[in-house]
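Trainee: Sharing a structure here in structure tokens format.
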Amino acid sequence: MMMKEDVLIQLVVRFLDDKKALDVKALDLSELSMVSDFFIIATGANRPHLKSLFEGLQLELKNKGLFEFDRTGMPDSGWLIIDVQGVMIHLFDEDRRNYYDLESLWKDAPLLRVEV
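So the sequence shown is numbered by my numbering: it starts at 360 and just counts up by one.
Below, the structure written as structure tokens:
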């Protein structure tokens, strides 16, 4: 099943907000990247929270009929990725998020406003 990108982004951002993910941001990379059209970046409070966000989001996607997505990373690595329909969701612990600083790397990408 395909879901419109704006609906998918809203679904993911709302899920992460409901589950208390920190500093959730959505970036529009459609004019800047061939890898992905959108990034959603969020931080987990600790490793168990990060694992819960990662596993819970996969369940939420499946519950909405989205079964085709890629995922990579282990909670102990501090950086987990779910890639679904051109939207790449990056879940970090605080140290990895600060180290990789994707927001600065993609500073030219417009920030999307998502109602939660």
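Each residue gets a CB set at the ideal place from its N, CA and C atoms; glycine is no exception. Predicted model only: the values in this text are computed from it and were never measured.
Across which residues does DSSP place Met362 in a beta bridge pair?
Mentor: Mapped onto the sequence shown, residue 362 falls at position 3. Met362 is not bridged to any residue.
Trainee: Go to Leu381, then tell me how far its alpha helix (DSSP H) extends in each direction, as first and last residue.
Mentor: Mapped onto the sequence shown, residue 381 falls at position 22. Careful: Leu381 lies outside any alpha helix (DSSP H), inside the beta strand (DSSP E) at Leu381 to Asp387.
Trainee: Helix, strand or coil for Phe428? Go by DSSP, reduced to three states.
Mentor: The residue labelled residue 428 in the question sits at position 69 within the sequence shown. Three-state result, Phe428: coil.
Trainee: In this structure, does DSSP put Asp460 in helix, strand or coil?
Mentor: Here residue 460 corresponds to residue number 101 of the sequence shown, with the count starting at 1. Coil, per DSSP.
Trainee: What residues in its chain sit with their C-beta under 8 Å from that of Gly415, if we drop five residues either side in the sequence?
Mentor: Reading the sequence shown from its first residue, position 56 is the one you call residue 415. Taken in chain order, the residues that qualify are Phe374 and Lys378.
Trainee: Of all the options Leu418, Gln444 and Val366, which has the alpha carbon lying nearest to the alpha carbon of Val394?
Mentor: In the sequence shown, residue 394 corresponds to position 35, counting from 1. Closest by alpha carbon: Gln444.
Trainee: Can you tell me the Cα-Cα spacing of Ser411 and Ile399, whole angstroms?
Mentor: For this step, residue 411 is matched to residue 52 along the sequence shown. For this step, residue 399 is matched to residue 40 along the sequence shown. Whole-angstrom Cα-Cα distance: 17 Å.
Trainee: Would you report the Cα separation of Tyr458 and Leu450, rounded to the nearest angstrom?
Mentor: Numbered from 1 along the sequence shown, position 99 holds the residue referred to as residue 458. Numbered from 1 along the sequence shown, position 91 holds the residue referred to as residue 450. Looking at the two C-alpha atoms, the distance is approximately 13 Å.
Trainee: The alpha helix (DSSP H) spanning Leu420 covers which residue range?
Mentor: In the sequence shown, residue 420 corresponds to position 61, counting from 1. Segment Arg406 to Asn422, the alpha helix (DSSP H) holding Leu420.
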